[in-house]
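Here the structure is laid out as structure tokens; the discussion comes afterwards.
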Amino acid sequence: MVKTRINRAKNSALFREIKEAVFIVLGVLSAGMGLKGFLLPNDFLDGGVIGISLLLQIKTGIDLAILVVIVNIPFIWMGLRQVSWVFALKTALGIGLLALCLAFIPYPIVTTDKLLIAVFGGFFLGAGIGLAMRGGGVLDGTEVLAIYISRRSFLSVGDVIMVINLLIFGSAAVFINVETALYAMLTYLAASKTVDFIIHGIEEYIAVMIVSDRHEEVRQLITEELERGVTVLKGEKGFGKRGHRENDINILYAVVTRLEITRLKDKISEVDEKAFLIEHSIADVKGGMIKPRPLH
1 MVKTRINRAK NSALFREIKE AVFIVLGVLS AGMGLKGFLL PNDFLDGGVI GISLLLQIKT
61 GIDLAILVVI VNIPFIWMGL RQVSWVFALK TALGIGLLAL CLAFIPYPIV TTDKLLIAVF
121 GGFFLGAGIG LAMRGGGVLD GTEVLAIYIS RRSFLSVGDV IMVINLLIFG SAAVFINVET
181 ALYAMLTYLA ASKTVDFIIH GIEEYIAVMI VSDRHEEVRQ LITEELERGV TVLKGEKGFG
241 KRGHRENDIN ILYAVVTRLE ITRLKDKISE VDEKAFLIEH SIADVKGGMI KPRPLH
């Protein structure tokens, strides 16, 4: 029995490692398509470390494959110090594969239309970065730098990323031209939205808190009809439309996907139209009776 559990754990860990390796390889191929098929042949930029590498390539003529490795070395070291050696190893592997991809894989130049270059170059690059993140590493060290700086200053991770990109776009406006900087912003927007979609997917998780006088019926609805888990929190009513109320009540806490939230609210309304609901997005969940995301 114990050996069976150990074997299952080993098989699960092996499958996870293979899946993460596949994500990194697919991410590298997608990012290579965005760079060599769209951005690089047309002297377009992006934000982050990739944007810095592209800007240096335009101004110096040094091969992008070399610049991607050189510029990312400090961020790999930061990843080792700030996150873990596994993360740093996967990041180094991803960046190394990206450099090889840029050096040896002959991607076709898809289009010369500036709008299409900005949108689809950002899409393929963002998909590559997102897939690499799903694999446990990164192809762009901006987030690592942002974490490093935020821990040593009053700035948040989002603030640091914004400042870095403003510096990149400002440099592009000064050293190249304003039009290139504006298209770089559009590319970055497309890339960042694609990263969010790859990481979180269309079925974003929503946490819901439900306060209802008919909480037991609502609980049965969630567990039996929707087949989702629910946690019962003990609470006490305070002040509402009817003034002060001092009776105990059970507060229900459940997690569903965005595609399930409308059905949940409709079902709750059938049981108790006066139920009080609070919902907010959450980044991720693990375990419990939730609907898994595809490929997660």
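So the sequence shown is numbered by the UniProt record's numbering: it starts at 1 and just counts up by one. Positions of the beta carbon are idealized from the N, C-alpha and C atoms, including for glycine.
Let me make sure I understand the geometry here. Which of the options has the alpha-carbon closest to that of residue i?
i	options	result
Met-162	Glu-273, Leu-186 and Thr-142	Thr-142
Val-255	Gly-37, Leu-233, Leu-116 and Ser-281	Ser-281
Ile-76	Ile-95, Leu-55 and Val-271	Ile-95
Ala-92	Ala-21, Arg-258 and Ile-62	Ala-21
Glu-217	Asn-250, Ala-172 and Arg-16	Asn-250
Ala-172	Val-25, Leu-55, Ile-18 and Lys-10	Leu-55
Ile-66	Leu-182, Val-232 and Leu-102	Leu-102
Lys-90	Asp-113, Leu-139 and Val-119	Leu-139
Leu-189	Leu-29, Gly-47 and Gly-34	Gly-47
Leu-115	Met-33, Thr-187, Ile-105 and Val-83	Thr-187
Arg-228	Asp-213, Glu-236 and Val-208	Val-208
Ile-99	Val-178, Ile-199, Val-28 and Gly-34	The sequence given here places Ala at residue 99; Ile does not occur at that position. Residue Val-28 is the option with its Cα nearest to Ala-99.
Ala-191	Asp-159, Ile-129, Glu-179 and Pro-108	Ile-129
Ser-30	Pro-106, Asp-63, Ile-18 and Leu-131	Leu-131
residue 343	Asp-113, Met-33 and Ile-149	Residue coverage of the chain in this structure runs from 1 to 296, which leaves residue 343 outside it and unanswerable.
Pro-74	Arg-16, Tyr-148, Asn-11 and Ser-12	Tyr-148
Ser-84	Val-144, Leu-233 and Ile-62	Val-144
Asn-165	Gly-61, Ile-199 and Ala-181	Ala-181
residue 309	Asp-113, Gly-61, Ser-153 and Glu-17	No statement about residue 309 is possible, as the shown extent of the chain runs from 1 to 296 and does not include it.
Ser-150	Gln-82, Ile-198 and Thr-194	Gln-82
Quick one: residues in its chain with C-beta nearer than 6 Å to the C-beta of residue i, no 5 flanking neighbours on either side, listed in chain order?
i	result
Asp-43	Ile-58
Val-71	Val-49, Ile-52 and Ser-53
Leu-80	Ala-88
Phe-276	Val-211
Ala-184	Leu-45, Phe-169 and Ala-172
Ile-278	Met-209
Gly-61	none
Got a sec? Which residues, its chain only, sit under 8 Å from residue i by beta carbon, not counting five neighbours each side?
i	result
Val-230	Arg-219, Ile-222, Thr-223, Leu-252, Tyr-253 and Ala-254
Leu-226	Val-256, Glu-260, Arg-263, Leu-264 and Lys-267
Thr-111	Phe-38, Ile-117 and Phe-120
Leu-97	Ile-24, Val-25 and Val-28
Asp-272	Ser-212, Asp-213, Arg-214, Glu-217 and Val-218
Leu-64	Leu-35, Leu-40, Ser-53, Leu-54, Gln-57 and Leu-102
Val-69	Ile-95, Gly-96 and Ala-99
Gly-235	Val-211, Asp-248, Ile-249, Asn-250 and Ile-251
Can you tell me which residues form a DSSP beta bridge with residue i?
i	result
Gly-235	Ile-249
Val-230	Ala-254
Among residues of its own chain, excluding the 5 on either side of residue i, which ones have a beta-carbon nearer than 7 Å to its beta-carbon?
i	result
Leu-295	Unreliable placement is indicated for Leu-295, whose pLDDT of 48 sits below 50; no coordinate value is reported for it.
Leu-14	none
Ile-176	Ile-58
Ile-109	Gly-37 and Pro-41
Asn-11	none
Alpha helix (DSSP H) segments (min. 4 residues) lying fully within the segment 239-282: Listed in chain order, they are 258-271.
Does the segment 125-132 come close enough to the segment 22-39 to have 3 or more Cβ pairs within less than 8 Å? The segment 125-132 is in contact with the segment 22-39.
Contact between the segment 133-140 and the segment 203-214: three or more CB pairs below 8 Å? Verdict: no, contact absent.
Ordered list of beta strand (DSSP E) runs contained in the segment 141-224, each at least 3 residues: Taking only runs of at least 3 residues, the beta strand (DSSP E) segments lying wholly in the segment 141-224 are 205-211.
In chain order, each alpha helix (DSSP H) run of at least 4 residues that lies wholly inside the segment 2-50: Secondary structure in the segment 2-50: the alpha helix (DSSP H) runs of 4 residues or longer, each lying completely within the stretch, are 2-34 in chain order.
Taking the runs of the alpha helix (DSSP H) that are 4 residues or longer, which of them lie wholly in the segment 70-121? Fully contained in the segment 70-121 are the following alpha helix (DSSP H) runs of length 4 or more, in chain order: 85-104.
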